[in-house]
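A.B. asks: Here it is: the structure, laid out below.
Protein chains in written order, with this note's numbering: chain A, -8 to 150; chain B, 10 to 452; chain C, 114 to 351.
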């Protein structure tokens, strides 16, 4: 099939993203687990946020991207994993952005109540390191992937 | 006689017969059907979402996103509402001359009711998220994936949809079990449905979570929902094994998956609005009544409570009631206020929050906002707070639910059983949380 | 002469639409006696012959597990309609044919309507209608209920099928040596019960007994042949 080469590229891109997601997710998850089990000790690696369930979700996204592996063997049906992977990336990316926004709004409200205005909410808050949250950047990285994956799956395809 | 036959034939002949029929169809099919169906995008999406291994983890991940959205993004909106209402409370306290009326309006109405309304944003955000999941067609896939596991565990299918509905409100969830054919399966699903965390419990989670769980608030709330599902499955398994009425093979199920659709803005918002409005209506009626009762019981006997400039909550009727039932809850770490909140929560879960709001409103002498007040009062530690949330999750959601269970099962026996096992399970789980957490060094 | 025609099929295959096409949209709606399941009946006049059309509940199979299935099954067995139109979703053959097989085993006089043929074509399918008839021993028509395509042929075929109602050969499925033998033995025993054998198709009864079908077992429980049946089963226990 003509589209073979494009699909291979998509698959490799997806798998690479998958690796990064899995690493980030693993760090978030294990530090979250460590914190739960031995309270009082906060451990965090390289600024990656400590997030038990968030880490789990990130791991899931990585695993989903790995579902693209069969594409390398010609099984184009596995493009579905890429689609879902990018969808999940988008959902969480947008989610964390919204949370940063909400933190900002909250800071605004607090300032109406007399508290001092700060810009802290940009880099720390409910979403961990705010805008520096890895999932937000990974989401941007997944956008081109989403574009190409959607393009190839537009026409109905025969397996 | 069917037992005898099953005994004689050993294997499950019914399944063997069905398999043979399907085998025959597979033989016939290539001879009558030509052409291949191309993969549609819907098929591709299903490949991942319905995948044996990824299906449930994706479901859990999406659910987590839903809760982060519900809790963290709605937070400033809740703050906004509370700020507004507490200002109204201040104004009314100052401008109404009659002391009792002033207290009623400021603490009872604005304090208590306002406290409850402050939890409206999470509810709307939750329903918004659920509407998106539902309208896109994903929820049917989620139901399929969960039902598939439940079927493998020996439970019947078609049970997750009533449970999903139960996440909004347990009442339509119980009624949705009418789609289940076998009566035994239906009653089993009804019995575990209240374990699905309904939207009325959300304010309680948000209150306790914000007050004592700090950064882990969203995680705590999420775990309540997951805990509910896990307990529902465990209880269903337990009942099936232990109660003779439920023994027997679960009937297989066929679930039609709707096409994927892009959720429309209007459709989603109207769904969200419908359900949010229901909550508002309830707030206006039962909760309002409940709050009046709580306000009354905690303000009287007037002289004893309002001694001089102090507000002595301990002298009120409410405190008397609370101290009476407190001993039962002491092993769980709840004090009399928690006990009283749970007591009124029997009527409707929203009243739990209303109770705390009224109490703290009164005690703080006015506009104290309920979340910081709860935190400062030290009534709950993170661990006991979590246990309280679990208790709220598990025991029967409200009197209306009890009424519906009675109607759908047509039996007082099952209804009473549902209430009793709920209370017992709630107590056991809360105790376990406190116990296990203690072992890890949490307090 | 009035021909009694029952209409059955999986949910969502277009059964209601075909029922309306046949009856001109005029139907008498009531309840199946003693049940909460809705019963729809209508009339159809075709080439001078009156057909009474009865709409059976939509089901995936004919077991004893739900009221819908029992109502449908009992109607076919007890009322013995002249023709049973099985509406099959042509874009979903695999699942729909299960019900068809059960109808054939019930020895109903089946006419297969392969509906939603337009959807099947869009999906890239092609159906060999002749093969369907040959393999299943029942006449089959392609229909598109939404455009009324195939409706006249359907009525013709139904009329034709009504005439040959009793001259059909039996549709037998082989369930493997062990079960086939058992079925034969049970059939011999069941033939001795005059009441049962005159009312129900015997081979079907035997199969249901082996499937431990609750409703059938209740019937057999009252039969004088009950013990012989149990003996036959015990004998084969290896």
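All C-beta atoms in this analysis are idealised placements derived from N, C-alpha and C, irrespective of residue type, glycine included.
Quick one: which chain B residues come within Cβ less than 8 Å of residue 320/C?
C.D. replies: Locating residue 320/C in the third chain gives position 207, counting from the first residue. Residues of chain B passing the Cβ test: 26.
A.B. asks: Ignoring anything shorter than 4 residues or poking outside the region 33 to 115 of chain A, list the alpha helix (DSSP H) runs there in chain order.
C.D. replies: Qualifying alpha helix (DSSP H) stretches, in chain order: 43 to 57, 60 to 63 and 70 to 103.
A.B. asks: Can you tell me the Cβ-Cβ gap for residue 225/C and residue 245/C, rounded? I've got them flagged as a contact below 8 Å.
C.D. replies: Stepping through the third chain from its first residue, residue 225/C is reached at position 112. Stepping through the third chain from its first residue, residue 245/C is reached at position 132. Their Cβ separation, rounded to whole angstroms, is 6 Å, which keeps residue 225/C and residue 245/C in contact under 8 Å.
A.B. asks: Give the range of the alpha helix (DSSP H) segment to which residue 214/C is assigned.
C.D. replies: Within the third chain, numbered from 1, the residue matching residue 214/C stands at position 101. Unbroken alpha helix (DSSP H) run through residue 214/C: 206 to 218.
A.B. asks: Would you say residue 106/A reaches chain B, if we count a Cβ-Cβ gap shorter than 8 Å as a contact?
C.D. replies: Against the first chain, residue 106/A aligns to sequence position 115. Judged by the 8 Å Cβ criterion, residue 106/A is not in contact with chain B.
A.B. asks: With a cut-off of 8 Å, does the C-beta of residue 389/C fall near any C-beta of chain B?
C.D. replies: The requested residue 389/C is not part of the displayed model; chain C covers only 114 to 351.
A.B. asks: Using a Cβ cut-off of 7 Å, which residues of the region 184 to 216 of chain C contact any Cβ in chain B, in chain order?
C.D. replies: Answer in chain order: 206, 207, 210, 211 and 214.
A.B. asks: With DSSP as the reference, please indicate the residues paired to residue 175/B in a beta bridge.
C.D. replies: Here residue 175/B refers to the residue found at position 166 of the second chain. None, per the DSSP bridge assignment.
A.B. asks: With three or more beta-carbon pairs closer than 8 Å as the criterion, would you say the region 301 to 311 of chain C touches the region 261 to 278 of chain C?
C.D. replies: The region 301 to 311 of chain C is not in contact with the region 261 to 278 of chain C.
A.B. asks: Per DSSP, which one or two residues make a beta bridge with residue 359/B?
C.D. replies: As a first step, residue 359/B must be located in the second chain, where it is residue number 350. Looking at the DSSP assignment, residue 359/B forms no beta bridge with any residue, so it has no partner.
A.B. asks: I'd like to know whether the C-beta atoms of residue 92/B and residue 104/A end up nearer to each other than 8 Å.
C.D. replies: Your numbering for residue 92/B matches position 83 in the second chain. Your numbering for residue 104/A matches position 113 in the first chain. Yes. Within cutoff.
A.B. asks: Quick one: what's residue 117/C bridged to in DSSP?
C.D. replies: Position 4 of the third chain, counting from 1, holds the residue named residue 117/C. 165/C, per the DSSP bridge assignment.
A.B. asks: To the nearest angstrom, report how far apart residue 56/B and residue 141/A are at their CA atoms.
C.D. replies: On the second chain, position 47 is the one that residue 56/B refers to. On the first chain, position 150 is the one that residue 141/A refers to. Computed Cα separation, rounded: 15 Å.
A.B. asks: CB-CB under 7 Å to residue 375/B, same chain, minus the five flanking residues each way: which ones, in chain order?
C.D. replies: Numbered from its first residue, the second chain carries residue 375/B at position 366. The predicted model places residue 375/B with a pLDDT of 46, which falls under 50 and marks its position as unreliable; any figure quoted below should be read in that light. Once the five neighbours on either side are set aside, the close Cβ partners of residue 375/B are 98, 99, 102 and 115.
A.B. asks: So, helix, strand or coil for residue 42/B, using DSSP?
C.D. replies: One-based indexing of the second chain puts residue 42/B at position 33. DSSP places residue 42/B in strand when its eight states are reduced to three.
A.B. asks: Going by DSSP, which residues form a beta bridge with residue 227/C?
C.D. replies: Sequence index remark: in the third chain, residue 227/C carries index 114 (1-based). BP columns for residue 227/C point to 201/C and 255/C.
A.B. asks: Please check if any C-beta of chain C sits within less than 8 Å of the C-beta of residue 170/B.
C.D. replies: Counting from one through the second chain, the residue named residue 170/B turns up at place 161. For residue 170/B, the answer is no, since every Cβ of chain C falls outside 8 Å of its Cβ.
A.B. asks: Count the CB pairs spanning the region 389 to 403 of chain B and the region 222 to 239 of chain B that are closer than 8 Å, and state whether there are at least three.
C.D. replies: In short, these stretches touch, since the Cβ pair count reaches three.
A.B. asks: Per DSSP, what kind of secondary structure is residue 263/C in: helix, strand or coil?
C.D. replies: Your numbering for residue 263/C matches position 150 in the third chain. Correct three-state label for residue 263/C: coil.
A.B. asks: Quick one: what does DSSP say residue 388/B is sitting in, helix, strand or coil?
C.D. replies: Looking up residue 388/B in the second chain gives position 379. Coil.
A.B. asks: For residue 158/C, name the three-state secondary structure that DSSP assigns.
C.D. replies: Locating residue 158/C in the third chain gives position 45, where the first residue counts as 1. It is a strand residue.
A.B. asks: Give every residue of the same chain whose Cβ lies closer than 6 Å to the Cβ of residue 344/B, excluding the five residues on either side of it in the sequence, and list them in chain order.
C.D. replies: As a working mapping, residue 344/B is identified with position 335 in the second chain. Contacts found: 388.
A.B. asks: Pick helix, strand or coil for residue 377/B, following the three-state DSSP scheme.
C.D. replies: Within the second chain, numbered from 1, the residue matching residue 377/B stands at position 368. Per-residue confidence for residue 377/B stands at a pLDDT of 46, beneath the threshold of 50, marking its modelled position as unreliable; the derived number appears in the next sentence. If DSSP states are grouped into helix, strand and coil, residue 377/B belongs with coil.
A.B. asks: Contact between the region 207 to 218 of chain B and the region 348 to 366 of chain B is defined here as three or more beta-carbon pairs at a separation below 8 Å; is this criterion met?
C.D. replies: With a cut-off of 8 Å, the region 348 to 366 of chain B and the region 207 to 218 of chain B count as touching, because enough Cβ pairs lie within range.
A.B. asks: Determine the direct distance from the alpha carbon of residue 44/B to that of residue 240/C, and round the result to whole angstroms.
C.D. replies: Indexing the third chain from 1 puts residue 240/C at position 127. Indexing the second chain from 1 puts residue 44/B at position 35. Between residue 240/C and residue 44/B, the C-alpha separation is close to 9 Å.
A.B. asks: Comparing the C-beta of residue 31/B with each C-beta of chain C, is any distance below 8 Å?
C.D. replies: Counted from its first residue, the second chain places residue 31/B at position 22. Output row for residue 31/B: interface = yes.
A.B. asks: Express the C-alpha separation of residue 125/A and residue 88/A in angstroms, rounding to a whole number.
C.D. replies: If you number the first chain from 1, residue 88/A lands on position 97. If you number the first chain from 1, residue 125/A lands on position 134. Approximately 11 Å, taken between the alpha carbons.
A.B. asks: One question on the structure: do residue 139/A and residue 3/A come within less than 8 Å of each other, judged by their Cβ atoms?
C.D. replies: Against the first chain, residue 139/A aligns to sequence position 148. Against the first chain, residue 3/A aligns to sequence position 12. No. Outside cutoff.
A.B. asks: Under 8 Å by Cβ, that's how I've got residue 206/B and residue 134/B pegged, so tell me the actual separation to the nearest angstrom.
C.D. replies: Against the second chain, residue 206/B aligns to sequence position 197. Against the second chain, residue 134/B aligns to sequence position 125. The Cβ separation is near 15 Å, so there is no contact.
A.B. asks: On a CA-only basis, which of 186/C, 290/C, 232/C and 325/C is nearest residue 217/C? Give me that one, please.
C.D. replies: Working through the third chain from its first residue, we reach residue 217/C at position 104. Cα-wise, what sits closest to residue 217/C is 186/C.
A.B. asks: Pair every Cβ in the region 17 to 28 of chain A with every Cβ in the region 75 to 88 of chain A, then say whether three or more of these pairs are closer than 8 Å.
C.D. replies: Short answer: they don't touch.
A.B. asks: Give me the residue from 47/A, 127/A, 22/A and 97/A with the minimum Cα distance to residue 77/A.
C.D. replies: By 1-based counting over the first chain, the position of residue 77/A is 86. For residue 77/A, the nearest C-alpha among the options comes from 127/A.
A.B. asks: Let's see if you can read the secondary structure: which residues bound the alpha helix (DSSP H) around residue 9/A?
C.D. replies: Numbered from 1 along the first chain, position 18 holds the residue referred to as residue 9/A. Looking at the DSSP string, the run of the alpha helix (DSSP H) that includes residue 9/A is -5 to 28.
A.B. asks: Can you tell me whether residue 324/C is helix, strand or coil according to DSSP?
C.D. replies: Counted from its first residue, the third chain places residue 324/C at position 211. If DSSP states are grouped into helix, strand and coil, residue 324/C belongs with coil.
A.B. asks: Taking Cβ to Cβ, would you say residue 304/B is nearer than 8 Å to residue 113/B?
C.D. replies: The residue given as residue 304/B occupies position 295 in the second chain. The residue given as residue 113/B occupies position 104 in the second chain. Yes. Within cutoff.
A.B. asks: For residue 291/C, tell me which candidate among 412/B, 350/B, 25/B and 435/B has the shortest Cα-Cα distance.
C.D. replies: As a working mapping, residue 291/C is identified with position 178 in the third chain. Here the closest residue by C-alpha is 25/B.
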